[in-house]
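Chains as they are written, first to last, in UniProt numbering: chain D, 1 to 343; chain E, 1 to 334; chain F, 1 to 287; chain R, 1 to 633. Taking it in order: structure first as structure tokens, then the write-up.
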């Protein structure tokens, strides 16, 4: 296992790559004087360690995307960071990318933090050749002569089993899998310390998905990067992540090593997710859970899961459960698991 | 590349077909005109002296002969095509025997010059500002510009032109309001003449730009806001790609594709002339020539202008189609 | 539908402004039915009066009340522009979608027809048509002729959009999943085409009304029916601009501008609202 | 954002630079390098000349005529003034004397002046006149070919200053073809045309002048023509009246009416040919230096032309004089005068324009006859004439126009005309019923059971005043239950008029010399020998295609009476009486032309106080204006 190029070897527990503390990110709108807030992320805390793949699971509109937007600093009105902080190892003192100075951001992006997007086969500019995307994204960070840069890109493409000829192709001339791999190469060319991957394999067929996941793992191992891996697909999490957090309605409900979660889910929501786990590549709806995810503009009081929870008791409606360590490295936010005292 | 060659070949065939059908329709329509050029000439002539019907009949006969209107319809049609193919539109009937080519040749540079330049300026300006307005949605200046564009766009052109004319020709008379150049200035390439032409083109061009810029602006703005939501733009922004580069190479470059189509077509369409511009600003050009020709039943001239118009628009459309794969590589040529 | 409009009203300022403008214009045009004077009668009121409490928009040099004239004119003009837009949109949409999606010889055949309509210069044809039809030319007929020539440009635009949509993944996916052409067109492509349709409708209306004014200024329309072009025609005949009868020209112009800004804002806000990507930003339904 | 700001800034700077640079230059619409003080700028109502470099006026598609060519570059034998003239209405121009006819009017002898030269130094002679006639007879596609062919048997020049025309048939008015009233047969230069292979295809560029001015320069795009006074102007016919004031004349296309007004307010257009009455009022109000024919209301110059409702009398509905009379009685001439001219019209009930010398010759003497004139409605006899209508119009206008409106009856008659037909819907109804029409549910039905529909053809923008009159008349007829509709035939009116493709139109079939009582100028063409079959094109000017044996008799008699013979006035009155009874056209008013003259640079324009010629600048006669113009001090 290689460590990040930038950081000296050290105590991973002591120096995590990212510490998120009590993050609150709301969509705020104002109509005719009435302010409304949609609490898409509401008090989320977690830590991403160096060299690990940290998974984030949850169904649609659980706030995953907002969370990674916030972490990536892609904040545009009406989205606002209302509270909390995000400390990166490579960026101290700002409490999050969204507060970083412009120059700082330009330095950090892609060099230290890169991003693999949902539907990442569409991230390449369709009217330009693949090469120019590499130049636009990475060349300012790497520098040197263009020729050297190109050699570097070719070498890197080889890692994802792509021929150098893709550089002169237009994106549409490549197959879906090739584009996916090109996007992966694009995201990792600068060997960033931290990669955010948002549903990177969702639209792929099973074979390609497996291949891409293997490559992500391979590159991560090779560069020692940390990856924040977001997908709703528990099968994918089982396949790739080291640790896993489950998100529901803007909050984390459970976090543990991936194997531990699958072996011993504690939160009723997690249990439900695991029990209805589809096989890899099958994008079937999760059965067995009544009701719909809550409206975040007007979330349920107390534990946000309580209207759908089979174990809900009176306190769940009243008070918000906090994350507590149930066993070593296994945190969960549930009164039924942690016992009845509130926050 | 052979795929592309085949594509070009098929497209050329289609081009020829379109031109052929177009010119034929123009021929049929103009010949269905109720205006008889001979009667028009006679009515102009008979404004003097009382003329007996038999004398008029004689005049009619000699005019028909003179204008080459004899022969069966088939013969006339064949003569017409023979002329078109040898790039000769024959004599104008209402300005006999001056060739149609001469009349068009005199008017065309004015029209082409004024409309090409103002169409291009409107296009560049509209797309630039529209692109910026779509990209920097919060900018107050650009928002205001959006409102202005929205307001200018639907003003009937005649009103706008008259307002400009009154504003710059009367209330604050700094610009010439009539003609293509100062009177009594020889039309040779002297600095004086060129300056005069530019000066005289300011108001007509301004009116065309003001009226034209709005639709490009609004079109571009909405195209840009569509493109902005595309993954590749969001991704490039997340990646910290230089924002000017994003605006130009990612946003504008993709949004421009349909606008280029529009440009080619409106550039082709300029050969219709801008009749109202010419009327209001007394600017020389094809538009009034065309309307005059229609009035006079001078179908030689009408056909000449329409043929040139058909050809130029077809070439414009052809050019877009041939260039489209270059503009948008996603489009397969097959 | 009601809920949709309520939502629009609630969250979109543009929609509210647009709706207000359109409502004013529609109201104005509906007033035409209550006009105390027949639209083509002259010298029914004292001529050349500036706007006042009695004559809100003033009176023309022909002794007509500008208010009622504008009312008739905007009604007829919107009806005219709307008809041209509606008919030509239907054709443009059909041709554009089919041509862009089917490709091959269908595309080539349709585009040949399409290009023929694009390349034929419209003005001389309209003028000639006027010469043939004379006073039998009604606004409906003129509208239909203009619709015949007004679709080709936009059909090409729609076709080009569909052509690039066709290359996208979801089309291929839909195709593999066994959707029919019709389904793909209506369910997958239409949402992308609708915004273009809206904006081309606006442009088409501006174009047709502009052309109507052009024809009127040149004297090639039925001057018996008041339209915006007709009003300008008569104002011109009385040199209203230099004679200082500005209200004769200002009010119809303002009415046209209001109608268009209103329609434009409606289209823009509806577009933004049905576009799932931009909807997110305003109602904040985070994923 | 910085980029946008920079861009906007750049755009602003660029824009203002453009305007600034413009302000440095001459922003005025006047010719370069010609002293404004020596230049008179006139409107050429022909607009933009399509075939600008064509000056051969003798061919059928002669390009421009009133671009100065016929006013100042050409000349012919005689001029007759629609007003009082510089030295009487008759002017012997190239001719030394009046035409000499033989007793039976089959031969006309013309004595020519000597010492008149073409601008290229060749002396004008009888050969030029002979060539003018013979060239045109030889080429049927030339402009005056038909009229010359049908009249001239032979033409000879016994000496350099005498021409003898032998006519095919008696014609006491043959000389009017060579007499300028607006235009005429212009004399062509034999020495130029002799060298030309085909005169029909010859452009005559640059033109050789017989008039006092030569072409200085012209716009190949046909927007302007500049003429320069000849150095040897004393060798032209105009020299008899002195040296023309302006050294340069510019005939320009000033654009739509609004622009003409602006141009004159900017002092860039000295003479406006015509505009809408409102434009005239605006000019009168805003410009201190603008002068029109009348100092105040009604401003316009009454051209010797008579706008009328012209019936297609070959149309079944309008064959019956009772129907035509009924339609006339439905017209409220005051409303028409208001609609067309805002009251600034000179009305006429009879078929002679109320202009020039005509009111004294015809209108005044016939007043009594008109007052006693009766028509039979089938039920009763009525006297339709109301002699007070002119006064009523004046009274109607006085509250808004004030002192400008004369109170003296003679002045009122001069400005607004005398009487007209009293609006009488009852009599109209009786007349229609007499003609077999019937009214069903408020709508008139023709005798053969169809709705009585009348289309009124007008020329739209090209003749705004006629269009406005037509719209009013349509409204009046509609109110009476007739299915009347306006029919705009912009651009096609001449063709349709000739083809008889109309019900009625607003136009004129009566044009007179104005300054001379002779009516044959138009009347001869009303002879039934010229009336075309239905469907066949009608030669001018009998557009109503009216034929009447009684009229033929009058016309034939006039042909045998001398031009200046007082007997022709009596015959003229016979025509008027016949036309009133038959009502082949409904005479409305004089064609008042709002010619506006700016006195900033030039003074001495013809006006109603000093009516030495017609100021309307497209008339050939307007050349007399130039010798009276003086630079404004």
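Each residue gets a CB set at the ideal place from its N, CA and C atoms; glycine is no exception.
CB-CB length for residue i against residue j, believed under 8 Å
{"i": "residue 404 of chain R", "j": "residue 42 of chain F", "result": "The pair is not a contact, with the Cβ atoms about 24 Å apart (cut-off 8 Å)."}
{"i": "residue 96 of chain F", "j": "residue 162 of chain F", "result": "6 Å"}
Chain E contact for residue i (CB, 7 Å cutoff)
{"i": "residue 239 of chain D", "result": "no"}
{"i": "residue 150 of chain R", "result": "yes"}
{"i": "residue 172 of chain D", "result": "yes"}
{"i": "residue 171 of chain R", "result": "no"}
{"i": "residue 51 of chain R", "result": "yes"}
Buried or exposed (CB count within 10 angstroms, at least 16 for buried), residue i
{"i": "residue 222 of chain D", "result": "exposed"}
{"i": "residue 93 of chain F", "result": "buried"}
{"i": "residue 263 of chain R", "result": "buried"}
{"i": "residue 354 of chain R", "result": "buried"}
{"i": "residue 10 of chain F", "result": "exposed"}
{"i": "residue 464 of chain R", "result": "buried"}
{"i": "residue 450 of chain R", "result": "exposed"}
{"i": "residue 194 of chain R", "result": "exposed"}
{"i": "residue 9 of chain D", "result": "Reliability fails at residue 9 of chain D, whose pLDDT of 44 lies under 50, so the model's placement of it is uncertain and the value that follows must be treated cautiously. Exposed, because fewer than 16 other Cβ atoms sit within 10 Å of the Cβ of residue 9 of chain D."}
{"i": "residue 17 of chain D", "result": "buried"}
{"i": "residue 156 of chain R", "result": "exposed"}
Chain R contact for residue i (CB, 7 Å cutoff)
{"i": "residue 61 of chain F", "result": "yes"}
{"i": "residue 58 of chain E", "result": "yes"}
{"i": "residue 223 of chain F", "result": "yes"}
{"i": "residue 69 of chain F", "result": "no"}
{"i": "residue 267 of chain E", "result": "no"}
{"i": "residue 243 of chain F", "result": "yes"}
{"i": "residue 295 of chain E", "result": "yes"}
Residues bridged to residue i [DSSP beta-bridge criterion]
{"i": "residue 420 of chain R", "result": "R/386"}
{"i": "residue 214 of chain R", "result": "R/228"}
{"i": "residue 254 of chain D", "result": "D/246 and D/332"}
{"i": "residue 235 of chain D", "result": "None; residue 235 of chain D has no bridge partner."}
{"i": "residue 167 of chain R", "result": "R/152"}
{"i": "residue 92 of chain R", "result": "R/78"}
{"i": "residue 15 of chain F", "result": "In DSSP, residue 15 of chain F forms no bridge with anything."}
is_contact[residue i, chain F] using C-beta, thresh 7 Å
{"i": "residue 306 of chain E", "result": "yes"}
Along the chain, which unbroken stretches of the alpha helix (DSSP H) at least 4 residues long are found entirely within the region 274-350 of chain R?
277-286, 321-329 and 333-341
Residue ranges of each alpha helix (DSSP H) run of no fewer than 4 residues wholly in the region 177-263 of chain E, ordered along the chain?
191-228 and 231-238
Whole alpha helix (DSSP H) elements within the region 118-143 of chain D, 4-residue minimum
130-142
Whole alpha helix (DSSP H) elements within the region 121-147 of chain F, 4-residue minimum:
122-133
Report the start-end ranges of each alpha helix (DSSP H) in the region 46-84 of chain D that is 4 residues or longer and not cut off at the edges.
64-72
Runs of 4 residues minimum, wholly inside the region 204-232 of chain D: which ones carry the alpha helix (DSSP H) assignment?
206-223
In the region 302-328 of chain D, which residue ranges form an unbroken beta strand (DSSP E) of at least 3 residues, counting only runs that do not cross its ends?
324-327
Could you tell me which whole beta strand (DSSP E) segments of length 3 or greater appear in the region 504-539 of chain R?
504-507
In chain order, each alpha helix (DSSP H) run of at least 4 residues that lies wholly inside the region 536-603 of chain R
549-559 and 567-582
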